[in-house]
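First the structure, in the form of structure tokens, and then the observations on it.
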Amino acid sequence: MRLKKLDEVLKGQPLPDVIRIMMYRPALFGQQFSNTMHELLQGPSEWSSGERELFAAFVSNKNKCRF
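Our numbering puts the sequence shown at residues 95 to 161.
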């Protein structure tokens, strides 16, 4: 049901798979998963957040999935 509503809001735009997973299994991939991803991409690191996003995009591309 939530995915249908979001699809209506996006008006045919593709929904990133990570968002679909978080919405499909919120108890497993909800807030805790979101917090972990935020910490990985925005938390303290020797790499900038831009570098970390570039790494994530590169790995996603190698795995043939959108980032």
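The C-beta atom is built at its ideal place from N, Cα and C for all residues, glycine as well. Quick caveat: nothing in here was measured; it's all calculated off a predicted structure.
Next item on the list: Could you tell me which of Met117, Val112 and Asp111 sits nearest to Lys99, measuring between CA atoms?
Entry: Met117
Check: Helix, strand or coil for Cys104 per DSSP?
Finding: The amino acid at residue 104 is misidentified as Cys; the sequence shows Leu. Helix.
Notebook entry, point to check: For Leu135, which residues from the same chain have a beta carbon less than 8 Å from its beta carbon, with the 5 sequence-adjacent residues on both sides left out?
Noted result: Ser143, Arg146, Glu147 and Ala150
Checklist line | Selection from Lys105, Asp111, Gly106 and Val103 that minimises the alpha carbon distance to Ser154 | finding: Closest option to Ser154, judged by alpha-carbon separation, among Lys105, Asp111, Gly106 and Val103: Asp111.
Next item on the list: Pull up the distance between the alpha-carbon of Ser139 and that of Gln126, whole angstroms please.
Entry: 20 Å
Check: In terms of residue numbering, what span does the alpha helix (DSSP H) encompassing Ser154 cover?
Finding: Ser143 to Lys156
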